[in-house]
Amino acid sequence: MTTVLGGRLDGLTTVHVDDELDTHDRLVVVGNGMAGARLVEEVLERGGDSFRITVFGDEPHGNYNRIMLSPVLAGEEHEDDIVLNSHEWYADNGVTLRAGTRVERIDTAAKQVHADDGTVTPYDHLVLATGSYSFIPPMKGVRDDAGELLPGVYGFRTIDETRAMLDAVGRCRRAVVMGGGLLGLEAARALQGHGLQVELVHAAPYLMNVQLDPEAGAILKRSVESLGIAVHLDVFATEVLGGDRVTGVGLADGRQLEADLLVVAAGVRPNSDLAVRSGLEVQRGIVVDDQLRTEDPDVYAIGECAQHRGEVYGLVAPAWEHAKVLADVLTGADPDAEYHGSRTATKLKVAGVDVAVMGVNTPERDEDEFLVISEPRRGVHLSVVIRDDVLVGATLLGDTRKVAFLTQAFDRGAPLPEERIRLLVDLSDGAEEVGVAEMPADSQVCNCNGVSKGDICGAVAGGCGSVGEVMDRTRAGKGCGSCKSLVKQIVEWAADGELTEDPAASWYVPGIPLPKPELVRAIREHELRSVSAVFALLAPDGKDDAKSKMGLTSLLRMIWGAEYAQENDAKFINDRVHGNIQRDGTFSVVPQMKGGVTTPAQLRRIADVAEKYEVPMVKVTGGQRIDLLGVRKEDLPAMWADLGMPSGYAYGKSFRTVKTCVGSDFCRFGLDDSTQLGIDLETRFQGIESPAKIKMAVVGCPRNCAEAYVKDVGVVAVGNGRWEVYVGGAAGASVRKGDLLATVDSPEAVTTLAGRFLQYYRENANWLERTYDFVPRIGLETIRAVLLEDSEGIVADLDAGLQRSVDAYTDPWGQDGKQPATPGQFRPALPLIPLPKVPVR
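The opening residue of the sequence shown carries number -12 in our numbering; numbering runs sequentially from there.
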């Protein structure tokens, strides 16, 4: 038997029906953000089958990690990667999700929730998890006549706002960010990464004034400005300029900043309007007691909208604590559970700078101890506040090596060293970072998701056999990601040698659950010639994965050659514009000089081009090439045309250069013509994509002037027309002498053997695995057997595969320089910081 609770059944108004025989308590959660969704998870974990759960969310999405919006805006993460609970998750767990439905009011007497679509939903227990909203200061011109934000003005709180900004950055050149807190700094850095010139306006006298003290804020300002972001402090923005859309921002001191994009990150306010309209007590937030209950005994509030003992928290960790306590109360797991406030500790990266803050940042009492180590030149500021021999606050800026020990001291009131400096500086005693085995079980490891060491060990004991499984179950490391290395250490310790390999570790790219051989077979079998086609057929649910696109692009070009279907959004910025992006947003141009050999005419053209485009620095590279540094993106096609030289491929995951010595033509020690062989090799392999960059060298004798022994492929003349071929060398952060693959008797044999090795590496290496890792992993004897003895019968296929790539070569500077691949490929991007000047010697 059902009862109609209200409304019409004519299709215009939806009604809620209730089965009179249903004995489940009706739990309604208003708010589908990180607090509301976490509460539902906690209830379900405690045997929430006794509840019929309905969740309302303003946004039409499932639950996502709001902390990770900054990496999404920066292009470091795809929005799919930050989804915490999809629509399917709610359905699978029997939870009714009313996504995109706003609750207008609550009738606490009738215990009903009234939504904007006309529905009325009854409840037994109601939880308000409405979060907070972006505060838009009352500036002149910030809204249009309809009351909407002026086009070009954005908050930075939701995935939809982030999408809108990502859509806009391609049409904008200058951005102003209002707000010098965490969110404002992250937005500024992300927009700068898209090539915009960014200025930041902050009303307080120093950055991150809520978390940092003035000295630390001043050092952070220097670090931010060193990135090329202009910072304006202690000034209000009073006016948004522009008619149909923003053109600038007016400041209180009379200055005007030009901008075609304005991000308002000037803080948040608790979203308490619904509680006000429903007659609940609201001060700064919705007032709750120690069991998160409002003045109505059946209505609760958690997360950023809740005010507990006068405090409103703007961090996610307290919301997790709210969710755990309330789930205990609602389910009866611990009906007397109480929340007594949070001791907040946060470790994060702000605009590329490591920051950790906990507790107070300055002394509050005369007897408080205050220790400060400040190194402005290095961008480092460290301080601790000690009260009654207990750590009550710490600030670490630019150097967070002591954060593990300090966090434990702060959380647990652990004893402190008599020499307080040991709190901030390692002096090799017990104040050093605590080992995993000594960490107490209740030590918090993941601040974002409130995961302790005990939670991680419990997941291992409960059957999680890999780091990935533990992270999925506990969500440790799924927030900002700064704790991943510690999570891995704890999992390995807890597993005590029983750790199983994460299945995803064998996947070639993270978005396709296949090892490379199976992936290649599937691509060939189904003739998948584009990245989107691979995702559609092989990815779970056919979903794109931003982190997989570059690896798939390289793989498809290797497999199909000229038949590959190019998709420009599947490339990194370097590959899209065929230049190496620099830290200030400009690019470097390195023309091809085969074997390091050039001519007076080439040098003259390079000099003319450098003067014409006002290149700030001209530098000879370690690979015997000339690098033109500091080139604006919009100048690239014209510069390529003026040079009239092919790309030197100094930017891609591909074959790059062959370094040579002068060889037998000039050197009295030369045993053979290394220069010509180097030119021939570079001509043969130019532009070929690979899992990682490839560098070669050819030397005319074992004196090794061009460093052939430490290249991916090195060739050494040993006399009588014979050449040694080495593979797997390295001379970067890792130094490894290459292994002697074979000694051959002609330049043609060198070219053939080098080509076979390259193709074997291309077909079998992991994405981003350099040859110096690949060769030891496969084994030199195996490689010799395959390439020299044809032990697997694939030599002919290797030769054919390489030839296919050679035949597909086109010079990208000539191709895209004449006809851009997309209309915005070379959209203007202004330099963002002062460029280095080359002194006249």
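Even for Gly, the Cβ is constructed at its ideal location relative to N, Cα and C.
Between the beta-carbon of residue 48 and the beta-carbon of residue 96, is there less than 8 Å? Indexing the sequence shown from 1 puts residue 48 at position 61. Indexing the sequence shown from 1 puts residue 96 at position 109. Result no, Cβ atoms of residue 48 and residue 96 do not sit closer than 8 Å.
Does the distance from the C-beta atom of residue 294 to that of residue 278 stay below 8 Å? Taking the sequence shown and counting its residues from 1, the one referred to as residue 294 is at position 307. Taking the sequence shown and counting its residues from 1, the one referred to as residue 278 is at position 291. Not in contact: residue 294 and residue 278 (Cβ atoms no closer than 8 Å).
Run of the beta strand (DSSP E) containing residue 683, from where it starts to where it stops: The residue labelled residue 683 in the question sits at position 696 within the sequence shown. Annotation for residue 683: the continuous beta strand (DSSP E) segment containing it runs 681 to 686.
With distances taken from CA atoms, which of 45, 690 and 27 is nearest residue 80? As a working mapping, residue 80 is identified with position 93 in the sequence shown. Checked all of 45, 690 and 27; the closest Cα to residue 80 is 27.
Comparing C-alpha positions only, which one of 320, 127 and 329 sits nearest to residue 305? Sequence index remark: in the sequence shown, residue 305 carries index 318 (1-based). Minimum Cα distance to residue 305 is reached at 329.
For chain C, check one thing: does any of its Cβ atoms lie closer than 8 Å to the Cβ of residue 253? Absent here is chain C; the protein component of the structure consists of one chain.
Is the segment 404 to 411 close to the segment 233 to 243, with three or more CB pairs under 8 Å? no
How big is the Cα-Cα spacing for residue 813 and residue 152? On the sequence shown, position 826 is the one that residue 813 refers to. On the sequence shown, position 165 is the one that residue 152 refers to. Counting only the Cα atoms, residue 152 lies some 19 Å from residue 813.
Beta strand (DSSP E) runs contained entirely in the segment 662 to 727, provided each spans 3 or more residues: If we require 3 residues or more, the beta strand (DSSP E) runs fully inside the segment 662 to 727 come out as 681 to 686, 700 to 706 and 709 to 714.
Spatial neighbours of residue 67 in its chain, beta-carbon cut-off 8 Å, leaving aside the 5 residues before and after: In the sequence shown, counting from the first residue as 1, residue 67 sits at position 80. Answer for residue 67: 530, 531, 532 and 533, listed in chain order.
Tell me where the alpha helix (DSSP H) around residue 541 begins and ends. Counting from one through the sequence shown, the residue named residue 541 turns up at place 554. Its alpha helix (DSSP H) spans residues 536 to 547.
If you compare alpha carbons, which of 599, 584, 621 and 170 is closest to residue 613? Taking the sequence shown and counting its residues from 1, the one referred to as residue 613 is at position 626. Of all alpha-carbon atoms in 599, 584, 621 and 170, the one lying nearest the alpha-carbon of residue 613 is that of 584.
Report, in whole angstroms, the separation of the C-beta atoms of residue 600 and residue 618, which I expect to be a contact under 8 Å. Along the sequence shown, one-based indexing puts residue 600 at 613. Along the sequence shown, one-based indexing puts residue 618 at 631. Confirmed, Cβ separation roughly 6 Å.
Would you report the Cα separation of residue 22 and residue 31, rounded to the nearest angstrom? Locating residue 22 in the sequence shown gives position 35, where the first residue counts as 1. Locating residue 31 in the sequence shown gives position 44, where the first residue counts as 1. Cα-Cα distance, rounded: 14 Å.
DSSP three-state assignment for residue 119, whether helix, strand or coil: As a working mapping, residue 119 is identified with position 132 in the sequence shown. Three-state result, residue 119: strand.
For residue 74, the three-state DSSP class (helix, strand or coil): Indexing the sequence shown from 1 puts residue 74 at position 87. Here residue 74 sits in helix by DSSP.
Based on the DSSP secondary-structure assignment, which residues constitute the bridge partners of residue 12? Numbered from its first residue, the sequence shown carries residue 12 at position 25. 38, per the DSSP bridge assignment.
Output needed for residue 732: all residues of its chain with C-beta closer than 7 Å, excluding positions within five of it in sequence on either side, in chain order. Here residue 732 refers to the residue found at position 745 of the sequence shown. Contacts found: 708 and 709.
Spatial neighbours of residue 824 within its chain, please: CB distance less than 6 Å, with the 5 preceding and 5 following residues excluded, ordered by chain position. On the sequence shown, position 837 is the one that residue 824 refers to. Here residue 824 scores only 44 on pLDDT, less than 50, and its place in the model should not be relied on; the value that follows carries that caveat. Closer than 6 Å at the Cβ level, and outside the excluded window around residue 824, lies no residue.
What residues match up with residue 604 in a beta bridge as DSSP calls it? Within the sequence shown, numbered from 1, the residue matching residue 604 stands at position 617. According to DSSP, which records beta bridges pairwise, residue 604 is partnered with 616.
Between which two residues does the alpha helix (DSSP H) carrying residue 812 extend? Counting from one through the sequence shown, the residue named residue 812 turns up at place 825. Counting along the chain, residue 812 falls outside any alpha helix (DSSP H), and DSSP gives it neither H nor E.
Taking DSSP's pairing of strands, which residues face residue 270 in a bridge? One-based indexing of the sequence shown puts residue 270 at position 283. Answer is none; residue 270 lacks a bridge partner.
With DSSP collapsed to three states, give me the class of residue 59. Numbered from its first residue, the sequence shown carries residue 59 at position 72. Correct three-state label for residue 59: helix.
When you compare the CB positions of residue 719 and residue 698, do they come within less than 8 Å of one another, or not? Position 732 of the sequence shown, counted from the first residue, corresponds to residue 719. Position 711 of the sequence shown, counted from the first residue, corresponds to residue 698. No, the pair does not count as a contact, with Cβ atoms beyond the cut-off.
Going by DSSP in three states, residue 530 sits in which element: helix, strand or coil? Here residue 530 refers to the residue found at position 543 when the sequence shown is read from its first residue. Three-state DSSP puts residue 530 in coil, outside helix and strand.
Using a Cβ-Cβ cutoff of less than 6 Å, which residues in the same chain neighbour residue 344 once the five nearest sequence positions on both sides are dropped? Counting from one through the sequence shown, the residue named residue 344 turns up at place 357. Answer for residue 344: 198, 333 and 382, listed in chain order.
Give me the Cα-Cα distance between residue 767 and residue 744, rounded to the nearest whole angstrom. Counting from one through the sequence shown, the residue named residue 767 turns up at place 780. Counting from one through the sequence shown, the residue named residue 744 turns up at place 757. In a straight line, the C-alpha of residue 767 is about 11 Å away from that of residue 744.
Could you give the C-beta distance for residue 149 and residue 46, rounded to a whole number, given that I count them as a contact under 8 Å? In the sequence shown, the residue the question calls residue 149 occupies position 162. In the sequence shown, the residue the question calls residue 46 occupies position 59. Actually they do not touch by this definition, with Cβ atoms about 12 Å apart.
Please state whether the Cβ-Cβ distance between residue 286 and residue 113 is less than 8 Å. Start at 1 with the first residue of the sequence shown, and residue 286 comes out as number 299. Start at 1 with the first residue of the sequence shown, and residue 113 comes out as number 126. Cβ atoms of residue 286 and residue 113: closer than 8 Å.
My output table needs one value for residue 634: the three-state DSSP class, helix, strand or coil. Looking up residue 634 in the sequence shown gives position 647. Strand, per DSSP.
Which residue comes first and which comes last in the beta strand (DSSP E) that contains residue 91? The residue labelled residue 91 in the question sits at position 104 within the sequence shown. From DSSP, the beta strand (DSSP E) with residue 91 extends over 90 to 94.
Taking 8 Å as the limit between beta carbons, can you name the residues of its chain near residue 201, skipping five residues before and five after? For the purposes of this step, residue 201 is identified with residue 214 of the sequence shown, where counting begins at 1. Closer than 8 Å at Cβ, skipping near neighbours: 192 and 193.
Return helix, strand or coil for residue 747, following the three-state DSSP convention. Position 760 of the sequence shown, counting from 1, holds the residue named residue 747. Residue 747 falls in the helix class under three-state DSSP.
Neighbourhood of residue 722 by C-beta distance below 8 Å, restricted to the same chain and skipping five residues each side: Within the sequence shown, the letter at position 735 stands for residue 722. Result list for residue 722: 697, in chain order.
Pairwise C-alpha distance: residue 527 and residue 498: Counting from one through the sequence shown, the residue named residue 498 turns up at place 511. Counting from one through the sequence shown, the residue named residue 527 turns up at place 540. Using only the alpha carbons, I get a separation of about 8 Å.
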